[in-house]
Amino acid sequence: MAVQRTLSIIKPDAVAKNVIGDIIRRFEENGLSVIATNMIHLSAEQAGRFYAVHAERPFYKDLCSFMSSGPVLAMCLEGKNAIALNRQLMGATNPKEAEEGTIRADHADSIDANAVHGSDSEENAAIEIDFFFSNLDINSRL
Ligand code: ADP
Ligand code: MG
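So this is what it looks like as structure tokens:
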């Protein structure tokens, strides 16, 4: 399986719950390495640009307002099959449907406040990593 990079965001709800360490522990215990971090309080405009693919969805405005409601921790993760592995560790978008033991099952309160973001494809991972990080911020651990 190929080594990949993916973007993870610990969303404002999980940062506020002080579970950053628990979430990163799950990544590390499953073979993913943190190779860049950026704690940032996004403006609504920045959140809107990040989630531009969802601009036509009915929840877009609420999503941008939630994502700019407090600081987030953006991270670049590296490892074998990182994109799908991160999605698996996250669990389903709606925490009610998330498998037991996943980050969202354990830490998300609702489909809006669902603790984490993860890139869904190689193409989007590259775009999303580039949104938060310059090459100089990324420290490969291979
Ligand atoms: P994921 O984060 O699992 O990749 P999506 O890309 O489909 O999910 O949606 C992006 C984010 O938008 C979700 O994480 C969630 O916070 C929010 N969202 C998605 N669907 C809904 C919905 N039906 N109602 C409210 N918020 C939603
Ligand atoms: Mg998505």
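Residues in the sequence shown are numbered consecutively from 46, following our numbering. Here a beta-carbon is modelled for each residue, glycine too, at the ideal position from N, C-alpha and C.
With residue i as the anchor, note down where its alpha helix (DSSP H) starts and where it stops.
i, result
"S110", "Y105 to M112"
"A150", "I148 to H152"
"I172", "E167 to F177"
Do you know whose CA, among the options, lies nearest residue i's CA?
i, options, result
"L181", "P57, A81 and S88", "A81"
"A169", "T51, M84 and M46", "Note that residue 169 is Asn in the sequence shown, not Ala. If we check each option's Cα against that of N169, T51 comes out closest."
"I15", "L77, G66, R71 and V64", "Past the boundaries of the shown model lies residue 15; the chain is included only from 46 to 187, so the question cannot be answered."
"L130", "E73, A59 and K56", "E73"
"S164", "C121, H152 and E145", "C121"
Considering just the uninterrupted stretch of the beta strand (DSSP E) at residue i, what are its terminal residues?
i, result
"M120", "V117 to K125"
Going by DSSP, what residues sit across from residue i in a beta bridge?
i, result
"R50", "E123"
"H162", "I54"
For the ligand MG, list every residue whose C-beta falls under 7 Å from any of its heavy atoms, going in chain order. H162 and D165
What are the uninterrupted segments assigned as beta strand (DSSP E) that are 3 or more residues long and contained completely in the stretch 56 to 96, given in chain order? 78 to 85
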